[in-house]
Amino acid sequence: MIDYKNADKATLKAEYKRLSRETHNLPFFTRKEFYALPEILGDEETPVAITSGMMNDHTWLIVLTNRRILFLDKGMLFGGKQVIISLADITAIQGSTGLIYGEITISTAGQKHEISHVYKKAVNSFIQMTDKERDQYRSDPIQKIKPFHQNTSDKVTQLEKLAALKNQGILTEEEFEKEKRRILAL
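If you use the working numbering, the sequence shown corresponds to residues 1144 to 1329, in order.
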(Lines of atoms letter the chains of each structure in order from A and count residues from 1; the text may use other names and numbers.)
(Lines give C-alpha, C1' and ligand atoms only; values in the text may rest on other atoms or scores of the structure.)
Protein backbone atom coordinates (compact mmCIF):
# COMPACT_ATOMS: atom_id res chain seq x y z
CA MET A 1 0.00 0.00 0.00
CA ILE A 2 1.52 3.32 -1.01
CA ASP A 3 1.10 6.70 0.63
CA TYR A 4 -0.48 8.62 -2.24
CA LYS A 5 -0.24 11.97 -0.46
CA ASN A 6 3.57 11.76 -0.29
CA ALA A 7 4.37 9.57 -3.31
CA ASP A 8 6.85 10.78 -5.90
CA LYS A 9 6.15 10.62 -9.63
CA ALA A 10 8.05 7.34 -10.13
CA THR A 11 6.00 5.65 -7.39
CA LEU A 12 2.75 6.98 -8.87
CA LYS A 13 3.79 5.77 -12.33
CA ALA A 14 4.44 2.25 -10.98
CA GLU A 15 1.10 2.30 -9.14
CA TYR A 16 -0.69 3.43 -12.32
CA LYS A 17 0.79 0.47 -14.19
CA ARG A 18 -0.08 -1.96 -11.36
CA LEU A 19 -3.71 -0.85 -11.15
CA SER A 20 -4.00 -0.97 -14.94
CA ARG A 21 -2.75 -4.57 -14.96
CA GLU A 22 -5.12 -5.62 -12.17
CA THR A 23 -8.12 -4.17 -14.01
CA HIS A 24 -6.92 -5.45 -17.41
CA ASN A 25 -7.00 -1.83 -18.54
CA LEU A 26 -5.19 -0.27 -21.46
CA PRO A 27 -4.79 3.30 -20.25
CA PHE A 28 -5.57 5.91 -22.88
CA PHE A 29 -3.90 9.27 -22.19
CA THR A 30 -4.94 9.41 -18.52
CA ARG A 31 -1.62 9.46 -16.70
CA LYS A 32 -1.86 13.19 -15.81
CA GLU A 33 -5.26 12.50 -14.22
CA PHE A 34 -3.70 9.74 -12.13
CA TYR A 35 -0.89 12.07 -11.05
CA ALA A 36 -3.58 14.44 -9.71
CA LEU A 37 -4.96 11.77 -7.33
CA PRO A 38 -2.85 12.79 -4.29
CA GLU A 39 -4.64 16.16 -4.32
CA ILE A 40 -8.08 14.56 -4.59
CA LEU A 41 -7.99 11.52 -2.32
CA GLY A 42 -9.31 11.88 1.19
CA ASP A 43 -7.81 10.51 4.36
CA GLU A 44 -7.99 6.71 4.50
CA GLU A 45 -9.09 6.60 0.84
CA THR A 46 -7.28 4.15 -1.42
CA PRO A 47 -7.60 3.48 -5.17
CA VAL A 48 -8.70 -0.07 -5.88
CA ALA A 49 -9.10 -0.08 -9.67
CA ILE A 50 -8.80 2.22 -12.66
CA THR A 51 -9.99 2.27 -16.22
CA SER A 52 -10.33 4.85 -18.93
CA GLY A 53 -12.98 5.66 -21.47
CA MET A 54 -15.01 8.31 -23.23
CA MET A 55 -17.77 10.33 -21.61
CA ASN A 56 -19.27 13.51 -23.09
CA ASP A 57 -16.68 13.45 -25.91
CA HIS A 58 -13.74 13.55 -23.49
CA THR A 59 -11.31 10.90 -22.30
CA TRP A 60 -11.72 10.28 -18.57
CA LEU A 61 -9.84 8.31 -15.98
CA ILE A 62 -12.30 6.39 -13.82
CA VAL A 63 -10.92 5.53 -10.38
CA LEU A 64 -12.64 3.16 -7.98
CA THR A 65 -11.61 3.78 -4.38
CA ASN A 66 -12.74 2.18 -1.15
CA ARG A 67 -15.16 5.14 -0.70
CA ARG A 68 -16.29 6.37 -4.13
CA ILE A 69 -15.84 6.45 -7.89
CA LEU A 70 -13.96 9.42 -9.32
CA PHE A 71 -14.18 10.53 -12.93
CA LEU A 72 -11.21 12.76 -13.78
CA ASP A 73 -10.49 14.79 -16.92
CA LYS A 74 -7.55 17.20 -16.61
CA GLY A 75 -8.12 18.86 -19.99
CA MET A 76 -5.49 19.68 -22.57
CA LEU A 77 -3.78 22.69 -20.98
CA PHE A 78 -5.09 23.47 -17.50
CA GLY A 79 -8.08 23.02 -15.27
CA GLY A 80 -10.03 19.87 -15.09
CA LYS A 81 -13.34 18.25 -14.46
CA GLN A 82 -14.39 15.83 -11.77
CA VAL A 83 -17.47 13.73 -11.24
CA ILE A 84 -17.71 12.02 -7.87
CA ILE A 85 -20.09 9.20 -6.93
CA SER A 86 -20.17 7.77 -3.42
CA LEU A 87 -20.34 3.97 -3.32
CA ALA A 88 -23.47 4.33 -1.20
CA ASP A 89 -25.20 6.28 -4.01
CA ILE A 90 -24.69 3.67 -6.75
CA THR A 91 -27.97 1.94 -7.56
CA ALA A 92 -26.64 -0.15 -10.47
CA ILE A 93 -23.54 -0.77 -12.51
CA GLN A 94 -23.73 -2.56 -15.84
CA GLY A 95 -21.51 -3.28 -18.78
CA SER A 96 -21.54 -4.47 -22.33
CA THR A 97 -18.70 -5.47 -24.62
CA GLY A 98 -18.05 -5.49 -28.31
CA LEU A 99 -15.18 -6.86 -30.34
CA ILE A 100 -12.47 -4.63 -28.77
CA TYR A 101 -14.21 -2.07 -26.57
CA GLY A 102 -17.13 -1.99 -24.22
CA GLU A 103 -19.26 0.34 -22.17
CA ILE A 104 -19.85 0.80 -18.45
CA THR A 105 -23.02 2.41 -17.12
CA ILE A 106 -23.11 3.59 -13.51
CA SER A 107 -26.53 4.63 -12.21
CA THR A 108 -27.46 6.62 -9.13
CA ALA A 109 -30.92 7.70 -7.99
CA GLY A 110 -30.86 10.75 -10.24
CA GLN A 111 -28.20 10.17 -12.91
CA LYS A 112 -26.74 7.72 -15.33
CA HIS A 113 -23.05 7.92 -16.29
CA GLU A 114 -22.20 6.10 -19.52
CA ILE A 115 -18.56 5.48 -20.29
CA SER A 116 -17.79 4.16 -23.76
CA HIS A 117 -14.56 3.01 -25.40
CA VAL A 118 -13.51 1.07 -22.31
CA TYR A 119 -11.10 -1.71 -23.17
CA LYS A 120 -13.16 -4.93 -23.39
CA LYS A 121 -11.20 -6.85 -20.74
CA ALA A 122 -11.50 -3.95 -18.27
CA VAL A 123 -15.31 -3.76 -18.39
CA ASN A 124 -16.13 -6.90 -16.41
CA SER A 125 -13.12 -6.54 -14.15
CA PHE A 126 -14.05 -2.96 -13.15
CA ILE A 127 -17.69 -3.93 -12.56
CA GLN A 128 -16.74 -6.92 -10.39
CA MET A 129 -14.31 -4.83 -8.34
CA THR A 130 -16.95 -2.11 -7.90
CA ASP A 131 -19.53 -4.64 -6.72
CA LYS A 132 -17.01 -6.06 -4.24
CA GLU A 133 -16.15 -2.59 -2.86
CA ARG A 134 -19.85 -1.67 -2.61
CA ASP A 135 -20.52 -4.84 -0.61
CA GLN A 136 -17.59 -4.13 1.73
CA TYR A 137 -18.66 -0.50 2.11
CA ARG A 138 -22.23 -1.53 3.00
CA SER A 139 -21.12 -4.18 5.48
CA ASP A 140 -18.61 -1.95 7.32
CA PRO A 141 -20.49 0.04 9.97
CA ILE A 142 -17.50 2.34 10.52
CA GLN A 143 -17.52 3.37 6.83
CA LYS A 144 -21.23 4.14 7.06
CA ILE A 145 -20.95 6.53 9.98
CA LYS A 146 -17.58 8.06 9.08
CA PRO A 147 -18.38 10.89 6.65
CA PHE A 148 -16.03 11.60 3.79
CA HIS A 149 -14.08 14.81 4.28
CA GLN A 150 -11.75 16.26 1.73
CA ASN A 151 -8.43 17.23 3.20
CA THR A 152 -8.59 20.89 4.32
CA SER A 153 -5.14 21.61 2.91
CA ASP A 154 -6.42 20.45 -0.52
CA LYS A 155 -9.18 23.06 -0.37
CA VAL A 156 -6.74 25.78 0.63
CA THR A 157 -4.46 24.85 -2.27
CA GLN A 158 -7.38 24.90 -4.71
CA LEU A 159 -8.53 28.28 -3.40
CA GLU A 160 -5.02 29.71 -3.72
CA LYS A 161 -4.82 28.55 -7.35
CA LEU A 162 -8.26 30.00 -8.00
CA ALA A 163 -7.25 33.36 -6.50
CA ALA A 164 -4.13 33.43 -8.68
CA LEU A 165 -6.26 32.89 -11.79
CA LYS A 166 -8.53 35.75 -10.71
CA ASN A 167 -5.56 38.04 -10.02
CA GLN A 168 -4.14 37.26 -13.47
CA GLY A 169 -7.45 38.30 -15.02
CA ILE A 170 -8.22 34.80 -16.30
CA LEU A 171 -11.35 34.50 -14.12
CA THR A 172 -14.01 37.12 -13.57
CA GLU A 173 -15.22 37.92 -10.05
CA GLU A 174 -18.41 35.96 -10.77
CA GLU A 175 -16.50 32.89 -12.01
CA PHE A 176 -14.19 33.11 -9.01
CA GLU A 177 -17.09 33.21 -6.54
CA LYS A 178 -18.88 30.32 -8.25
CA GLU A 179 -15.79 28.09 -8.16
CA LYS A 180 -14.99 29.12 -4.59
CA ARG A 181 -18.47 28.03 -3.46
CA ARG A 182 -18.04 24.72 -5.31
CA ILE A 183 -14.67 24.03 -3.62
CA LEU A 184 -15.94 24.92 -0.16
CA ALA A 185 -18.98 22.66 -0.65
CA LEU A 186 -16.80 19.58 -1.35
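Glycine included, C-beta positions come from ideal geometry on N, C-alpha and C.
Asked: Residue burial classification, Phe-1214 (beta-carbon count within 10 angstroms, cutoff 16); Found: buried
Asked: Cβ contact (3+ pairs, closer than 8 Å) linking the segment 1249-1256 and the segment 1226-1235; Found: yes
Asked: Residues that Gln-1225 bridges to, as DSSP identifies them; Found: Leu-1215
Asked: Residue(s) in a DSSP beta bridge with Ser-1250; Found: Ala-1235, Lys-1255
Asked: Through-space distance from Leu-1305 to Ala-1265, alpha-carbon basis; Found: 36 Å
Asked: Opposing strand residues paired with His-1201 [DSSP bridges]; Found: Met-1198
Asked: Span separating the alpha-carbon of Thr-1240 from that of Glu-1246; Found: 6 Å
Asked: Nearest residue (CA-CA) to Trp-1203, options Thr-1273, Lys-1255, Ala-1307, Thr-1194; Found: Thr-1194
Asked: Cβ neighbours of Phe-1319 in the same chain (closer than 7 Å, five flanking residues each side left out); Found: Leu-1305, Lys-1309
Asked: Ile-1193 - partner residues in DSSP beta bridges; Found: Val-1206
Asked: Option in Gly-1185, His-1167, Leu-1302, Gly-1223 with minimal Cα separation from Arg-1211; Found: Gly-1185
Asked: CA-to-CA distance, Lys-1224 to His-1260, given in whole angstroms; Found: 19 Å
Asked: Assigned secondary structure, Thr-1240 (DSSP; H/G/I helix, E/B strand, else coil); Found: strand
Asked: Alpha carbon of Thr-1300 to alpha carbon of Pro-1181, nearest angstrom; Found: 12 Å
Asked: Cβ neighbour criterion (16 or more within 10 Å) applied to Lys-1152; Found: exposed
Asked: Element boundaries [alpha helix (DSSP H), containing Phe-1172]; Found: Here Phe-1172 belongs to no alpha helix (DSSP H), and DSSP marks it neither H nor E.
Asked: Contacting residues, own chain, Cβ-Cβ under 6 Å from Leu-1155 (five flanking each side not counted); Found: Tyr-1178
Asked: Span separating the alpha-carbon of Leu-1327 from that of Leu-1242; Found: 44 Å
Asked: Alpha-carbon spacing of Ala-1307 relative to Arg-1325, whole angstroms; Found: 17 Å
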